[in-house]
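Residue numbers (the UniProt record's numbering), protein chains in the order written: chain A, 1 to 378; chain B, 1 to 378.
2 protein chains.
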Amino acid sequence: MTANPRVVFLKRPEIGELPVVGRHIILDSSPTIDLDNVPLNGGFLTMTLMLSPEPSIRDRMRDPSIASYTTTFIVGAPIIGPGIVLVLRSERDDVNAGDYMYGQTPWEIYTVQPYVEGMFCTNFHNRPSHPREWAPDTFDMDSLALRVVPNPNGRYPLSKYISLLGTPGLTAFVGFEALVDAKEGTTIFVSSGASGLVIRARSSSMAIQLAKLKGMKVVASAGSDAKVNYMRSLGADFPFNYKKLSYDDALAQYGPIHDNVGGEALDAALDSLIPKSRAVICGVVSSDNVPPAQRYRLKNAHLIMKKRLELRGFIVPDFIPQFFGKFMEEVPALMPQGKLRSEEYLTRGIENAPHVLIDVLNGRSDAVGKPIVMIAGD
Amino acid sequence: MTANPRVVFLKRPEIGELPVVGRHIILDSSPTIDLDNVPLNGGFLTMTLMLSPEPSIRDRMRDPSIASYTTTFIVGAPIIGPGIVLVLRSERDDVNAGDYMYGQTPWEIYTVQPYVEGMFCTNFHNRPSHPREWAPDTFDMDSLALRVVPNPNGRYPLSKYISLLGTPGLTAFVGFEALVDAKEGTTIFVSSGASGLVIRARSSSMAIQLAKLKGMKVVASAGSDAKVNYMRSLGADFPFNYKKLSYDDALAQYGPIHDNVGGEALDAALDSLIPKSRAVICGVVSSDNVPPAQRYRLKNAHLIMKKRLELRGFIVPDFIPQFFGKFMEEVPALMPQGKLRSEEYLTRGIENAPHVLIDVLNGRSDAVGKPIVMIAGD
């Protein structure tokens, strides 16, 4: 028998409560698995290589009676999130031992897939809900199932499937393809990284690079000098540390802006957006971790009419059918050319996964680049 | 000589200050005019029949150094706003004595047109600005010049040119034609009339009727029982008095909503809008009359992303070139059929115009229907 530790979802945090390790999520080191003999039931056995702590994980922790954009977790089952796995054995024709796969996977080392135990939408024993019982337009996160991805064969590290080629990169890509009016010479504001404000960008690094590829000027915010340097290295024209320079002052200095991805500093952005421009709001909702009464309240909403602005909220799964093909065609080709880069911030060991997740959810991570929990590989 | 009283713009109110009669605007009864001999200089002489106090008048009072959506007034010149005039004499081929005209006109009884004294964009003696010096996308309100309108010949009162056929009606029409996703059986929330909140609808009566013509369900808010009854008479399915029932409670009861015109109770609307729907924000900015620190702050902005909402701010002049023809083709025909109705709240005498204007700007008017200052006619 082989040890198979997992990160278990213990208890739902209250509305506006930041989850706590030991109280809401916990590492359970006791499970074991017989890798050679565990029945596959027509499925396949995977070994987790990397896990991606992502903001939607917080949304999935809420009580299922609260309508939101994701289906929720089951208490007592493992956390589920995007990850990269290696196939060890398979009984399926379209999946082979040695394949790499990317998609939603439980936070444990070895898994018989497709994994159903923690999947709320699967209507089996003791499961409280069925897909059709969810509020309309709730996205079934578990439908983002594992799929085989090309073996990069050394052209890029596997971790890119979680950063540039994962949901963070796809979010920025979709934002530009579907929503941003990306015109050469216009200025875009890309925000990321602050806590306490309403909304944060999901992949500021990808957004910066896509904006530069389209010939835009980029104003970008981050919460540390190291992150500011990283943004500058990616091509941002005016990166600034919002802990040293206020959003209002920075945008007054570098603005006016024509477009806004992310909306971290949506209020300051509303003030700086030129008339008839657009704010595209995606990604993290740090407001989930703040009690409703303490949530940041927008003071510049009246400018939406005065400036004839358009605000668009989106989540990436809504656009996957339309844009995933184009994304996989264009982005991997740009990576080896060096036209799209990213840094990943690796933490090793599943035992560290709970803490890395909390750091991502509270937005206070000092990590430069996409946080990734490395289990094996690379 | 004939008396020609006028309403003069005396002093710019501070940011967030409600203008006061006697301090910021004042009736000047001293001017006179020689109706038979005043030189027309190739123009025409008009007599004002009706004036329309409108919210954009407040925006035009601001200091010109503050960028916004309108050009500003000149201190010492008359207030300018939409009105209906009768042509008394003309030296122009396309304008004849006896014609009715609708458009921007100074708040006085008799005027040699085209009027230029108070028009900020006209670059003559002692005028501080030229059109090209305004911030981009500032709309030159004075370009909404008087134009000849058909004599209704008793089919409808002239006052309809200010309500259903004027900017209030046009705003709702444009909202529906260009921006609202008006589908049969869906629910729309039309708000109006409250003070203290961010944004108010401009013509809730027209919006209600257009929504009903398109087979939508209409939830509508107003600030008095008389207004609620009026909304019900126009076809609103769930009109409510927001002074008796909170927006949150009302929308929880009558929602969820698919669309939102106006945005008076934008916050409650964000909470009630179903995912992937749209809020269209037009019309009054009562926030102009409230000090910035006391402005209503939006608590539900995070829902823009979670619900994948689209917020669209607009002002009607941006859409006039595209939609004015269709508007004048469709709406006058629907009025005699009784398919589009409106009430007008008439106050007689230019001496009452300043007070009626302030009532409109502070949103506290108890008037049911469109407030109109009647000078002569009908």
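Every residue, glycine too, gets a C-beta built ideally from N, C-alpha and C.
**OP:** For A:LYS11, I'd like the list of residues in its chain whose CB is within less than 6 angstroms of its CB, leaving aside the five on either flank, ordered along the chain.
**Re:** Counting from one through the first sequence, the residue named residue 11 of chain A turns up at place 11. Listed in chain order, the non-local C-beta contacts of A:LYS11 below 6 angstroms within the same chain comprise HIS24, local neighbours out to five positions each way being set aside.
Original post:
What's the C-alpha gap between A:ASN229 and A:LEU40?
Top reply: Position 229 of the first sequence, counted from the start, is the residue given in the question as residue 229 of chain A. Position 40 of the first sequence, counted from the start, is the residue given in the question as residue 40 of chain A. Between the alpha carbons of A:ASN229 and A:LEU40 lies a gap of roughly 48 angstroms.
**OP:** Can you give me the start and stop residues for the beta strand (DSSP E) that A:GLY103 sits inside?
**Re:** For the purposes of this step, residue 103 of chain A is taken as residue 103 along the first sequence, with counting starting at 1. Per DSSP, the unbroken beta strand (DSSP E) holding A:GLY103 starts and ends at 100-106.
Original post:
Buried or exposed: A:ILE109, going by 16 or more other Cβ atoms within 10 Å of its Cβ?
Top reply: Within the first sequence, numbered from 1, the residue matching residue 109 of chain A stands at position 109. Around the CB of A:ILE109, 16 or more other CB atoms lie within 10 Å, so the residue is classed as buried.
Subject >> B:ALA3 (DSSP reduced to helix, strand or coil) >> reply: Working through the second sequence from its first residue, we reach residue 3 of chain B at position 3. Residue state, collapsed to three classes: strand.
Original post:
So, are the CB atoms of B:LEU298 and A:ALA269 less than 7 angstroms apart?
Top reply: Position 298 of the second sequence, counted from the start, is the residue given in the question as residue 298 of chain B. Position 269 of the first sequence, counted from the start, is the residue given in the question as residue 269 of chain A. Between B:LEU298 and A:ALA269, the CB-CB gap reaches or exceeds 7 angstroms.
**OP:** Give a yes or no on whether the minimum CB-CB distance between B:ALA301 and chain A is below 7 angstroms.
**Re:** Taking the first residue of the second sequence as 1, we reach residue 301 of chain B at position 301. Yes - at least one Cβ of chain A is within 7 angstroms of the one on B:ALA301.
**OP:** Kindly give me the distance between the Cβ atoms of A:TRP107 and A:ALA353, rounded to whole angstroms, as I take these residues to be in contact under 8 angstroms.
**Re:** Position 107 of the first sequence, counting from 1, holds the residue named residue 107 of chain A. Position 353 of the first sequence, counting from 1, holds the residue named residue 353 of chain A. Contact flag correct, Cβ pair sits at about 6 angstroms.
**OP:** Quick one: residues in its chain with C-beta nearer than 7 angstroms to the C-beta of B:THR32, no 5 flanking neighbours on either side, listed in chain order?
**Re:** Taking the first residue of the second sequence as position 1, residue 32 of chain B is located at position 32. Non-local C-beta neighbours of B:THR32 in its own chain, meaning closer than 7 angstroms and more than five positions away in sequence, comprise MET1, THR2, ALA3, ASN4, ordered along the chain.
**OP:** Pull up the distance between the alpha-carbon of A:LEU86 and that of B:LEU179, whole angstroms please.
**Re:** Counting from one through the first sequence, the residue named residue 86 of chain A turns up at place 86. Counting from one through the second sequence, the residue named residue 179 of chain B turns up at place 179. If you draw a straight line from the Cα of A:LEU86 to the Cα of B:LEU179, it comes to about 48 angstroms.
Subject >> CB of B:LYS276 within 7 angstroms of CB of A:ASP137, strictly >> reply: Along the second sequence, one-based indexing puts residue 276 of chain B at 276. Along the first sequence, one-based indexing puts residue 137 of chain A at 137. With respect to the 7 angstroms criterion, B:LYS276 and A:ASP137 are classified as neighbours on the basis of their beta carbons.
Original post:
Would you call B:GLY154 buried or exposed, if buried means 16 or more other Cβ atoms sit within 10 Å of its Cβ?
Top reply: Within the second sequence, numbered from 1, the residue matching residue 154 of chain B stands at position 154. Using a 10 angstroms sphere on the CB of B:GLY154, the tally of other CB atoms stays under 16, which defines it as exposed.
Subject >> Counted within 10 angstroms of its Cβ, other Cβ atoms place B:PRO64 as buried (16 or more) or exposed >> reply: One-based indexing of the second sequence puts residue 64 of chain B at position 64. With 16 or more Cβ atoms within 10 Å of its Cβ, B:PRO64 is classed as buried.
Subject >> Exposure of B:GLU329, with buried meaning 16 or more beta-carbon neighbours within 10 Å >> reply: Against the second sequence, residue 329 of chain B aligns to sequence position 329. The residue in question, B:GLU329, is exposed, as its Cβ has fewer than 16 Cβ neighbours within 10 Å.
Original post:
Is B:LEU18 close to chain A, meaning its C-beta is less than 7 angstroms from at least one C-beta of that chain?
Top reply: Along the second sequence, one-based indexing puts residue 18 of chain B at 18. Output row for B:LEU18: interface = no.
Subject >> Counted within 10 angstroms of its Cβ, other Cβ atoms place B:PRO317 as buried (16 or more) or exposed >> reply: Sequence index remark: in the second sequence, residue 317 of chain B carries index 317 (1-based). Classification for B:PRO317: buried.
**OP:** For A:GLN113, write down the residues that DSSP places opposite it in a beta bridge.
**Re:** Numbered from 1 along the first sequence, position 113 holds the residue referred to as residue 113 of chain A. DSSP, once it has assigned bridges, lists A:PHE44 as partnering A:GLN113.
**OP:** Give the DSSP bridge partners of B:GLY83, in chain order.
**Re:** Stepping through the second sequence from its first residue, residue 83 of chain B is reached at position 83. The beta-bridge partner set that DSSP reports for B:GLY83 consists of B:LEU51, B:GLY103.
Original post:
With distances taken from CA atoms, which of B:MET216, B:SER205, B:THR171, B:SER159 is nearest B:ALA182?
Top reply: Here residue 182 of chain B is taken as the residue at index 182 of the second sequence, counted from 1. With distances taken between CA atoms, B:ALA182 lies nearest to B:MET216 out of B:MET216, B:SER205, B:THR171, B:SER159.
Original post:
When you compare only the Cα positions, how much space is there between A:SER159 and A:MET101?
Top reply: Along the first sequence, read from residue 1 onward, the residue named residue 159 of chain A stands at position 159. Along the first sequence, read from residue 1 onward, the residue named residue 101 of chain A stands at position 101. Rounded to the nearest angstrom, the two C-alpha atoms are 12 angstroms apart.
Original post:
Grouping DSSP H, G and I as helix and E and B as strand, with all else coil, what is B:ASP142?
Top reply: As a working note, residue 142 of chain B is residue 142 in the second sequence. Residue state, collapsed to three classes: helix.
**OP:** Within the same chain, show all residues whose beta-carbon is closer than 6 angstroms to that of A:GLY196, passing over the 5 residues directly before and after it, in chain order.
**Re:** The residue you call residue 196 of chain A lines up with position 196 of the first sequence. Bear in mind that a pLDDT of 27 at A:GLY196, under 50, signals an unreliable position, so the model cannot answer this.
**OP:** To the nearest angstrom, report how far apart B:ASP59 and B:MET231 are at their CA atoms.
**Re:** Start at 1 with the first residue of the second sequence, and residue 59 of chain B comes out as number 59. Start at 1 with the first residue of the second sequence, and residue 231 of chain B comes out as number 231. Those two C-alpha atoms are separated by around 28 angstroms.
Original post:
Under 7 angstroms between the Cβ atoms of B:GLN104 and B:THR46?
Top reply: Within the second sequence, the letter at position 104 stands for residue 104 of chain B. Within the second sequence, the letter at position 46 stands for residue 46 of chain B. For B:GLN104 and B:THR46, no; Cβs fall outside 7 angstroms.
**OP:** Please report the residue range of the beta strand (DSSP E) in which A:ILE25 lies.
**Re:** Position 25 of the first sequence, counting from 1, holds the residue named residue 25 of chain A. Where A:ILE25 is concerned, the enclosing beta strand (DSSP E) stretches over 25-28.
Original post:
Is B:PHE314 close to chain A, meaning its C-beta is less than 7 angstroms from at least one C-beta of that chain?
Top reply: Here residue 314 of chain B refers to the residue found at position 314 when the second sequence is read from its first residue. It does; some Cβ of chain A falls within 7 angstroms.
Original post:
Helix or strand or just coil, what does DSSP make of A:ASN352?
Top reply: Locating residue 352 of chain A in the first sequence gives position 352, counting from the first residue. Three-state result, A:ASN352: helix.
Original post:
Taking the runs of the beta strand (DSSP E) that are 3 residues or longer, which of them lie wholly in the region 288-316 of chain B?
Top reply: The qualifying runs are 310-313.
**OP:** Can you pull the chain A residues whose beta carbon is under 7 angstroms from the beta carbon of B:TYR69, in chain order?
**Re:** On the second sequence, residue 69 of chain B is found 69 positions in, with the first residue counted as 1. The contacting residues are LYS306.
Original post:
Could you give the distance in angstroms between the alpha-carbon of B:LYS307 and the alpha-carbon of A:ILE281?
Top reply: The residue given as residue 307 of chain B occupies position 307 in the second sequence. The residue given as residue 281 of chain A occupies position 281 in the first sequence. Cα to Cα, the separation comes out at about 11 angstroms.
Original post:
What are the boundary residues of the beta strand (DSSP E) that B:LEU165 is part of?
Top reply: The count along the second sequence starts at 1 and reaches residue 165 of chain B at position 165. Element bounds for B:LEU165: n/a, residue is neither H nor E.
Subject >> Contact list for B:LYS276 against chain A, beta-carbon separation under 7 angstroms >> reply: Position 276 of the second sequence, counted from the first residue, corresponds to residue 276 of chain B. Residues of chain A passing the Cβ test: ASP137.
Original post:
What residues in the region 161-172 of chain A bring their beta carbon closer than 7 angstroms to a beta carbon of chain B?
Top reply: So the list is empty, because no residue satisfies the distance condition.
Original post:
Name the chain B residues that come within less than 9 angstroms of A:ASP318, Cβ to Cβ?
Top reply: The count along the first sequence starts at 1 and reaches residue 318 of chain A at position 318. Within 9 angstroms Cβ-Cβ: LYS276, ARG308.
Original post:
Do you know how far the Cα of A:LEU361 is from the Cα of A:PHE319?
Top reply: Counting from 1 along the first sequence, the entry for residue 319 of chain A is found at position 319. Counting from 1 along the first sequence, the entry for residue 361 of chain A is found at position 361. Distance from the CA atom of A:PHE319 to the CA atom of A:LEU361, rounded to whole angstroms, is 24 angstroms.
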